[in-house]
Amino acid sequence: MRLFNTLTRNKEEFVPITEGKVKMYACGPTVYNYFHLGNARPFVTFDTLRRYLEYRGYDVTFVQNFTDIDDKMINRANEEGITVKELADRFIAEYYVDADGLNCKRPHIQPRATETIDAIIDMIKALEANGFTYVIEGDGVYYDVTKKADYGKLSHYNLEDLQAGGGERKANYEGKKNPGDFAVWKFKKEGEPFWESPWGDGRPGWHIECSAMNKKFLGDTIDIHGGGKDLIFPHHENEIAQSEAANGCPFCNYWVHNAFVNVDGEKMSKSLGNFFTIRDITEHFPYAVIRFFILSGHYRKPINFSDKDLTASQTGLDRIVTCYKNLKFVLANKGADGASGDGDEALAEACKTAKESFITHMDDDLNTADAITDIFNLVKSINTAVADKNATAKALTDAKAMLEELTDVLGIDLEYSEDKIPEEITALVEERTAAKKNKDYARADEIRDILKEKGYSVKDTPNGPQIERL
RNA sequence: GGUACCAUAGCCAAGUGGUAAGGCAGAAGUCUGCAAAACUUCCAUUCCCCAGUUCAAAUCUGGGUGGUACCUCCA
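Going by the numbering used here, the first sequence opens with residue 592, and the numbers climb by one from there.
Dropping the structure here:
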């Protein structure tokens, strides 16, 4: 597989450190509120990358952190009059509601910053021993960005350019040797949670937790590190600097970054206030539709959020889902006789083509948009076969397995809109079938209206009536 | 000021040298007691503009225009 590596700004063939194994890390949420659609994009993207790598036979270890201590956490907890821990517990639970809803497989390890303090302190000790840190009294322990010659290699910034940059940075210039220096340990302030350390009571800086977690759970060098574009600088740049300064070896081989979700052409962000939480969006669209929407464009290109586009995604997804429903219905109700198997070969060929093309597209830097096209093409072939009484159950079953296989790699839930049909509804449908047989169409239509009121629709097919939830 | 990215049909969106995928919306037809789903056909002589390279350019080069992002908490 080829991945676009931010480090080299090129698509590169992915070669893991250890054959057959992948160590990957993605930056997770700061758990101080519900996450929004922009936050959801990396969760879905890297979940899909993980699923695909597993599909290709890799043994993947996927780590995603919870940032549960920082300024925002502290401020929010104070506003709510609860502890930082209580706030974190609450929004980690809420995170799982949405992440599970979006069908993101749970990462293998999801460490909290506050439960990784020992590893963080060990890393700062290593940085100190190697001469990369200095202390600002009453402030914290800082990392000196000039101590390593390749600082800036990920973002492709150089220190001079950064110094010439925006004036707002000067605000926290005081005491720092260089404007780009950043805190690895912040000394405690009144009323803040703190931990003991060799430098004094305090809490970790923002960047150090990811470095420490990577080392602790994955090792000194990992295969893939993911996150949103906005984390390239300074967060990931600083992670690299710290990790390599502490460990003395390369930190990560492939850096993968997703583009943003926009609203009216502007980045969706908390600071702009133009964000929609996943929880809010689910008032109007199912989780499955949100995931499908995210995957319908390439992860490195911006996608625009709008009601109209979500609606189009819903209709598109339902084309696949309806195909699956119809396929299952035919298999369950099809008579054993009369299938000549005439079209079977074409269907089998369509399955084979779909799978090969799907892999080619996903291999090319996770091109989920083209992979979805392959699924649509498969759907078309299946729809034709479903309507063809010469299709054998064997051929249809194979096609069903292929549809399940490919959609599962993308985390598309084919059964998101399925419910058990109550007996009351089944009875009404049976009555309607009887009425139709007697050509009592008035009663048949009446029953359809009743069903509609109760939230169900009925479709007449050559294999009998098919009931669906509206 | 520095550093990147983007521009393809009514909308969304792939395609990065070989003659424009797919989805949504729309039109016509088939099927159906009706309906739904589905199927068939149609829907960009053209890829922001201008020059250049090439047998061949949406794709490469140069120059414009428009938009976005990062350099500051942010996915």
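Just so it is clear, CB atoms sit at the ideal spot from N, CA and C, and this is done for glycine as well.
Please report the distance separating the alpha-carbon of Asp735 from that of Glu671. 36 Å
So, Asp814 versus Met615, is the Cβ gap smaller than 8 Å? yes
Tell me Val736's beta-bridge partners as DSSP assigns them. Answer is none; Val736 lacks a bridge partner.
Collapsed DSSP secondary structure at Arg1060 in the structure displayed: strand
Own chain, CB closer than 6 Å to Val852, minus 5 neighbours either side, in chain order: Leu628, Gly629, Arg632, Met859, Ile894 and Phe896
Once you ignore the five residues that flank Gly731 on each side, which residues in its own chain have a CB closer than 6 Å to its CB? Ala774, Trp776, Lys777 and Phe778
May I ask you to report which of helix, strand or coil DSSP gives Gly758? Confidence at Gly758 is low in this model, with a pLDDT of 40, below 50, so its placement is unreliable and the value that follows should be read with caution. Correct three-state label for Gly758: helix.
Looking only at its own chain, which residues have a Cβ that is under 8 Å from the Cβ of Glu1059, when we skip the five neighbours before and after it? Lys916, Tyr1047, Ser1048, Val1049 and Lys1050
Run through DSSP, which three-state label would Gly907 get? helix
What is the DSSP secondary structure of Glu645, counted as helix, strand or coil? helix
Would you decide whether Val1069 is buried or exposed? Buried here means 16 or more other CB atoms lie within 10 Å of its CB. Lying outside 592 to 1061, the shown extent of the chain, residue 1069 is not represented and no answer is given.
Where the beta strand (DSSP E) containing Tyr1007 begins and where it ends: Note, Tyr1007: premise wrong, no beta strand (DSSP E); not H, not E.
Cβ-based burial, Glu759 [other Cβ within 10 Å; buried from 16]: Note on Glu759: pLDDT 44, under 50, position unreliable in the model; no value is reported.
Cβ atoms of Gly818 and Cys618: under 8 Å apart, would you say? yes
So what does Asn596 bridge to, in DSSP terms? Asn601
Around the C-beta of Lys830, are 16 or more other C-beta atoms found within 10 angstroms, so that it is buried, or is it exposed? The residue you asked about is not Lys; residue 830 is Glu in the sequence shown. Glu830 comes out buried.
Do Leu901 and Val921 come within 8 Å of each other at the CB atom, strictly closer than that value? no
Skipping 5 residues on each side, what residues in its chain have a beta carbon closer than 8 Å to that of Tyr643? Met592, Met953, Leu957 and Val1000
Just reading off the beta strand (DSSP E) that Tyr742 is part of, what are its end residues? Run containing Tyr742: none; DSSP gives neither H nor E here.
For Tyr878, the three-state DSSP class (helix, strand or coil): helix
Ala992 versus Pro698: straight-line alpha-carbon distance, rounded: 26 Å
Residue span of the beta strand (DSSP E) that contains Tyr1032, given as start and end: Run containing Tyr1032: none in the beta strand (DSSP E); it sits in the alpha helix (DSSP H), Tyr1032 to Glu1044.
Report the rounded CA-to-CA distance for Leu745 versus Phe824, giving the unit in angstroms. 8 Å
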